[in-house]
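Residue numbers (our numbering), protein chains in the order written: chain A, 29 to 169; chain B, 3 to 187.
Rendered as structure tokens:
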């Protein structure tokens with residue numbers, strides 16, 4: 029990949045991290061508020077993101093739009109018959125999300141915002157990913 | 003410059019976050035998903051030669067790792083350079099409930115009662131930061147995605163699997179919030 033292309037992903041990531049902080053999605057308190065159903069804030073953000081996502085993906089698919097290099101855009105479907113992994117893995121993720129008050133994107137945006145201790149949950153998350161990789165064959169999927 | 007330090011309302015942030023999906027697809031057919039980077043990191047230093055991490059992570063993930071570096075920079079700009087000096091405008095019922103649980107610091111993005119270098123050695127701090135991070139990493143890979151990969155990208159593509167995963171996110175989140183957190187604090 030060329031430098032200029034990396035720069036594009038860097039800038040999109042920068043905008044993403046900036047918005048995560050400005051909209052307070054990175055806030056432990058906002059996640060608590062969401063799970064306590066005390067505010068529409070997080071539901072509004074995720075809900076509108078999904079609406080915009082659905083409309084854009086439908087436009088791309090129905091018009092067979094190609095990417096900027098002219099390659100067809102294909103989205104690999106997820107196998108919903110593996111419902112066990114989505115429920116069990118999803119619940120484990122949810123336990124962690126509520127406990128830490130941050131999911132992967134916000135963990136890194138918070139680190140950038142100067143909360144240096146976020147390196148601890150980030151390293152733990154990498155360890156968690158590694159342990160999943162070790163145990164993968166013995167877990168129900 | 004004042005506007006840059008203001009909080010962004012949900013109806014502006016939501017659509018922009020949603021646009022990440024088509025922008026990454028159009029730029030190079032990439033699927034938006036942050037937690038894949040945790041796997042790429044494991045793949046980059048695959049000590050035990052684990053099969054799940056044996057793939058060309060540079061080819062599959064370098065764009066995403068660069069995106070991740072960007073989100074750290076974005077966090078620096080939004081939360082350090084242009085930090086909002088005011089506390090978050092939380093629902094008063096949340097503040098009441100959290101105060102009852104023993105949270106005292108409402109000044110920043112995270113409560114320093116639970117997330118700071120000062121409390122890394124306490125049972126609560128250790129549980130929140132170490133166990134919390136571990137569950138996020140383990141659970142995200144087990145479920146095949148996190149909030150961005152399932153709740154945003156997957157639902158945007160109307161994937162049933164992602165809906166099941168998001169239901170799982172809420173099962174876990176509600177259990178933690180209402181049953182387990184009161185035991186930790």
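From the three backbone atoms N, C-alpha and C, an ideal C-beta is built for every residue, glycine too.
Unbroken alpha helix (DSSP H) run spanning residue i, endpoints
i, result
"residue 48/A", "31-50"
"residue 108/A", "Counting along the chain, residue 108/A falls outside any alpha helix (DSSP H), and DSSP gives it neither H nor E."
"residue 97/A", "From DSSP, residue 97/A is part of no alpha helix (DSSP H); its letter is neither H nor E."
"residue 47/B", "Counting along the chain, residue 47/B falls outside any alpha helix (DSSP H), and DSSP gives it neither H nor E."
"residue 61/A", "56-63"
"residue 22/B", "12-30"
"residue 36/B", "No alpha helix (DSSP H) contains residue 36/B, which DSSP labels as neither H nor E."
"residue 69/A", "69-90"
"residue 68/B", "59-78"
"residue 157/A", "147-163"
"residue 137/B", "134-144"
"residue 176/B", "162-177"
"residue 122/A", "118-128"
Spatial neighbours of residue i in its chain, beta-carbon cut-off 7 Å, leaving aside the 5 residues before and after
i, result
"residue 39/B", "63, 66, 67 and 70"
"residue 45/B", "55, 57 and 59"
"residue 54/A", "48, 130, 134, 137 and 138"
"residue 162/A", "none"
"residue 89/B", "108 and 109"
"residue 94/A", "100 and 101"
"residue 131/B", "117 and 122"
"residue 155/B", "23, 33, 34 and 35"
is_contact[residue i, chain A] using C-beta, thresh 9 Å
i, result
"residue 185/B", "no"
"residue 15/B", "yes"
"residue 123/B", "no"
"residue 110/B", "yes"
"residue 139/B", "yes"
"residue 9/B", "yes"
"residue 87/B", "no"
"residue 104/B", "no"
"residue 99/B", "yes"
"residue 153/B", "yes"
"residue 159/B", "yes"
"residue 62/B", "no"
Neighbour-count burial assignment, residue i, 16 or more Cβ in a 10 Å radius
i, result
"residue 68/A", "exposed"
"residue 144/A", "exposed"
"residue 148/B", "buried"
"residue 96/B", "buried"
"residue 104/B", "exposed"
"residue 61/A", "buried"
"residue 20/B", "buried"
"residue 119/B", "exposed"
"residue 124/B", "exposed"
"residue 143/B", "buried"
"residue 114/A", "buried"
"residue 86/A", "exposed"
Interface flag, residue i vs chain B, CB-CB below 9 Å
i, result
"residue 166/A", "no"
"residue 58/A", "yes"
"residue 106/A", "yes"
"residue 97/A", "yes"
"residue 32/A", "no"
"residue 90/A", "no"
Nonlocal neighbours in the same chain, by C-beta distance under 6 Å from residue i, ignoring five residues either side
i, result
"residue 22/B", "34"
"residue 153/B", "168"
"residue 110/A", "169"
Residues near residue i in its chain [Cβ-Cβ closer than 8 Å; skip 5 each side]
i, result
"residue 85/B", "7"
Q.
For the segment 48-59 of chain B, list every residue whose C-beta sits within 9 Å of some C-beta in chain A, in sequence order.
A. 48, 49, 50, 52, 53, 54 and 55
Q.
Which residues of the segment 37-56 of chain A have a Cβ closer than 8 Å to any Cβ of chain B? Give them in chain order.
A. 37, 38, 39, 40, 41, 42, 43, 44, 45, 46, 47, 48, 49, 50, 51, 52, 53, 54, 55 and 56
Q) Which residues, in order along the segment 162-177 of chain B, keep a beta-carbon less than 8 Å from a beta-carbon of chain A? A) 162, 163, 164, 166, 167, 168, 169, 170, 171, 172, 173, 174, 175, 176 and 177
Q. Residues in the segment 72-85 of chain B with C-beta within 9 Å of chain A's C-beta atoms, listed in sequence order?
A. 72, 73, 74, 75, 76, 77, 78, 79, 80, 81, 82, 84 and 85
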